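Below, the structure written as structure tokens:
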């Protein structure tokens, strides 16, 4: 790739996740910014991140960011709630020249935007990985907007396994979703999908979701945040050519192609990437 300055609008946008969950964010970005080029990186060799220590997640995310730096991206989107929770600030500190946005702040904004009373004591439930649930970052982000809200974090690691195996519909998905839904507290009016893998299960979830609960997917909100940032910093890509996306994974590219092509509605060709020590 020809080197491009980070502030040049022609440079691609990097999108990083531990696996294929970040494709939900990528799809929203492509829809909101159809002329932008993207580089997607899935760290499939080391997923899931949700059960890893904060130190490990910070190291993995920094390695991904350095890979994106070598690709000349103008902006990196951490399309992983666990990595956003545990590594957004450390990655920004290590690579201050590359703007880095996460998915939690947009998700918290979307979760509270539809609530009528800023001082209300609404019950907001967040399905997340163990790592995100432990971090406390969703509670902080939501309470900054709705200080009296009750935020209930619910670790749902089995949902990551379902999506990575492609089991997003059928009796297996319904059984696991029903189990987690049965654990929602009384009065829950908002359910935030606090992992970018989980929207892949949204069609099945909507059939099972009790009436009166609003389902929040942060992907669209993240795309709008990125669009706003590009406009504010004058980094939009000029011209009318449709954008292109290059896909990388750290393991099993053929499997990634098979599972992700159906979700994106097109066949993709994924490249292998080495991002760890010695690369």
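In the numbering used here, the protein residues as written are 127 to 405. Beta carbons are placed, not taken as given, at the ideal position from N, Cα and C, and that holds for glycine. Source: prediction; values computed, not measured.
- prompt: With burial defined as no fewer than 16 other Cβ atoms inside 10 Å of the residue's Cβ, what is the status of residue 316: buried or exposed?
  reply: Within the chain shown, numbered from 1, the residue matching residue 316 stands at position 190. Classification for residue 316: buried.
Length-filtered (3 minimum) beta strand (DSSP E) runs lying within the stretch 282–362: 314–319 and 340–343
- prompt: In terms of DSSP beta bridges, what is residue 168 paired with?
  reply: The residue labelled residue 168 in the question sits at position 42 within the chain shown. Partner(s): 143 and 375.
As assigned by DSSP and simplified to three states, the class of residue 271: Within the chain shown, the letter at position 145 stands for residue 271. Reduced to three states, the DSSP call for residue 271 is coil.
task: Put residue 129 into one of helix, strand or coil per three-state DSSP.
output: On the chain shown, position 3 is the one that residue 129 refers to. Because the pLDDT of residue 129 is 44, which lies under 50, any placement of that residue in the model is unreliable, and the number read from its coordinates should be weighed accordingly. In the structure shown, residue 129 sits in coil (DSSP, three-state: anything other than H, G, I, E or B).
query: Under the rule that 16 or more other beta-carbon atoms within 10 Å means buried, what is residue 263, buried or exposed?
result: Against the chain shown, residue 263 aligns to sequence position 137. By the neighbour-count rule (16 or more Cβ atoms within 10 Å), residue 263 is buried.
message: Please tell me whether residue 175 and residue 144 are closer than 8 Å, where the distance is taken between their beta carbons.
response: Residue 175 sits at position 49 when you count from the first residue of the chain shown. Residue 144 sits at position 18 when you count from the first residue of the chain shown. Closer than 8 Å, so yes.
Reduced DSSP category for residue 204 - H, G, I as helix; E, B as strand; rest coil: Within the chain shown, residue 204 is the residue found at index 78, counting from 1. Residue 204: strand per DSSP, three-state reduction.
- request: Compare the Cα-Cα distances from residue 236 to each of 345, 295, 361 and 280 and report the closest residue.
  value: One-based indexing of the chain shown puts residue 236 at position 110. Out of 345, 295, 361 and 280, 345 has the C-alpha closest to the C-alpha of residue 236.
message: Please state the DSSP three-state secondary structure of residue 227.
response: By one-based count along the chain shown, residue 227 stands at place 101. It is a strand residue.
message: For residue 251, list the residues DSSP reports as bridge partners.
response: Working through the chain shown from its first residue, we reach residue 251 at position 125. Answer by DSSP bridge pairing, in chain order: 278 and 317.
task: Answer yes or no: do residue 224 and residue 207 have a C-beta to C-beta separation smaller than 8 Å?
output: Mapped onto the chain shown, residue 224 falls at position 98. Mapped onto the chain shown, residue 207 falls at position 81. No, these two residues do not count as a Cβ contact at 8 Å.
- prompt: Can you tell me where the beta strand (DSSP E) with residue 177 in it begins and where it stops?
  reply: Translated into the one-based positions of the chain shown, residue 177 becomes position 51. Segment: none, residue 177 is in no beta strand (DSSP E) and carries neither H nor E.
query: Among 290, 239 and 292, which one has its Cα closest to the Cα of residue 271?
result: Position 145 of the chain shown, counting from 1, holds the residue named residue 271. Nearest C-alpha to residue 271: 239.
task: Give a yes or no on whether the C-beta atoms belonging to residue 220 and residue 183 are separated by under 8 Å.
output: On the chain shown, residue 220 is found 94 positions in, with the first residue counted as 1. On the chain shown, residue 183 is found 57 positions in, with the first residue counted as 1. Not in contact: residue 220 and residue 183 (Cβ atoms no closer than 8 Å).
- request: Quickly, what does DSSP pair residue 398 with across the bridge? List them, please.
  value: In the chain shown, the residue the question calls residue 398 occupies position 272. Per DSSP, 375.
field: Which of helix, strand or coil DSSP assigns to residue 158
entry: Working through the chain shown from its first residue, we reach residue 158 at position 32. If DSSP states are grouped into helix, strand and coil, residue 158 belongs with the helices.
- prompt: Just checking, does the stretch 361–378 make contact with the stretch 243–251 on the three C-beta pairs under 8 Å criterion?
  reply: no
- prompt: Is it right to say residue 354 is buried, meaning 16 or more other beta carbons lie within 10 angstroms of its own, or is it exposed?
  reply: The residue you call residue 354 lines up with position 228 of the chain shown. By the 10 Å Cβ count, residue 354 comes out exposed.
message: Can you tell me where the alpha helix (DSSP H) holding residue 261 begins and where it ends?
response: Residue mapping note: residue 261 aligns to position 135 of the chain shown, counting from 1. Taken as a continuous stretch (DSSP letters only), the alpha helix (DSSP H) holding residue 261 covers 256–261.
- prompt: Using the rule of at least 16 other Cβ atoms within 10 Å of the residue's Cβ for burial, across every protein chain shown, is residue 397 buried or exposed?
  reply: As a first step, residue 397 must be located in the chain shown, where it is residue number 271. By the neighbour-count rule (16 or more Cβ atoms within 10 Å), residue 397 is not buried but exposed.
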